[in-house]
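To keep things clear, I will list the structure first and then write my remarks on it.
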Amino acid sequence: MPTLLAQPTIIEAAGNKPKRIEEYAGRVNSNHSNVSVARMVSPAGWEEPGQRPEFEEITVVLKGMVRVEYDGGSLEVRAGQAVVAYPGEWIRYSSPEPEGAEYIAVCLPAFSPDTVHRDY
Numbered sequence: 016m017p018t019l020l021a022q023p024t025i026i027e028a029a030g031n032k033p034k035r036i037e038e039y040a041g042r043v044n045s046n047h048s049n050v051s052v053a054r055m056v057s058p059a060g061w062e063e064p065g066q067r068p069e070f071e072e073i074t075v076v077l078k079g080m081v082r083v084e085y086d087g088g089s090l091e092v093r094a095g096q097a098v099v100a101y102p103g104e105w106i107r108y109s110s111p112e113p114e115g116a117e118y119i120a121v122c123l124p125a126f127s128p129d130t131v132h133r134d135y
């Protein structure tokens with residue numbers, strides 16, 4: 016029988032401004048360790064510390080633009096586009112434009128604070 020995930024769990028986000036993370040599937044909301052799926056809503060000017068995660072992250076932008084910095088450059092990922100960040104790559108996400116951004120992040124295996132390796 017399929018399992019209904021009736022609502023997400025709200026997760027505290029890293030970064031210079033409050034960002035809403037709604038985890039639908041993952042270690043917290045559904046006890047999945049192999050994948051996490053979360054909806055993010057970030058305000059204008061939000062940026063998080065750089066990171067070198069052990070997981071693959073697929074980001075699908077629904078509204079606005081997410082800037083993805085990486086060693087050697089940056090990408091501007093706009094609504095209707097997606098980006099894949101691979102394990103071990105240094106990356107940093109931000110939403111610099113006035114409307115902020117809304118996006119879905121899928122992590123394989125699931126996101127974990129122990130495997131994200133943020134630049135603190």
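Position 68 (the sequence shown) corresponds to 83 in our numbering; numbering is contiguous.
Cβ coordinates follow ideal geometry from the N, Cα and C atoms, glycine included.
Taking the alpha helix (DSSP H) that residue i falls in, what are its first and last residues?
i	result
T130	P128 to V131
Could you pull the start and end residues of the beta strand (DSSP E) that residue i belongs to?
i	result
M80	E71 to Y85
S51	S51 to S57
E38	R35 to A40
If you run the structure through DSSP and keep just helix, strand and coil, what is residue i?
i	result
E112	coil
Y101	coil
Q66	strand
L19	coil
V121	strand
Check the DSSP bridge columns for residue i and list the partner residues they point to.
i	result
G88	Y85
Is the beta carbon of residue i sitting closer than 8 angstroms to the one on residue j?
i	j	result
V121	Q66	no
D134	P64	yes
I119	R35	no
K78	A28	no
S142	R82	Coverage of the chain is limited to positions 16 through 135, which leaves residue 142 absent and any answer about it impossible.
A97	E72	no
E112	M80	yes
R107	E84	yes
V76	A59	no
P68	P17	no
Assuming the contact rule is C-beta atoms closer than 8 angstroms, residue i and residue j should be a hit. Round their C-beta distance to whole Å, please.
i	j	result
P128	F70	At roughly 12 angstroms, the Cβ-Cβ gap does not stay under 8 angstroms, so P128 and F70 are not in contact.
D86	W105	5 angstroms
S51	A40	6 angstroms
Determine, using beta carbons only, whether residue i comes closer than 8 angstroms to chain D.
i	result
N46	Given the protein chain composition of this structure (a single chain), no chain D is represented.
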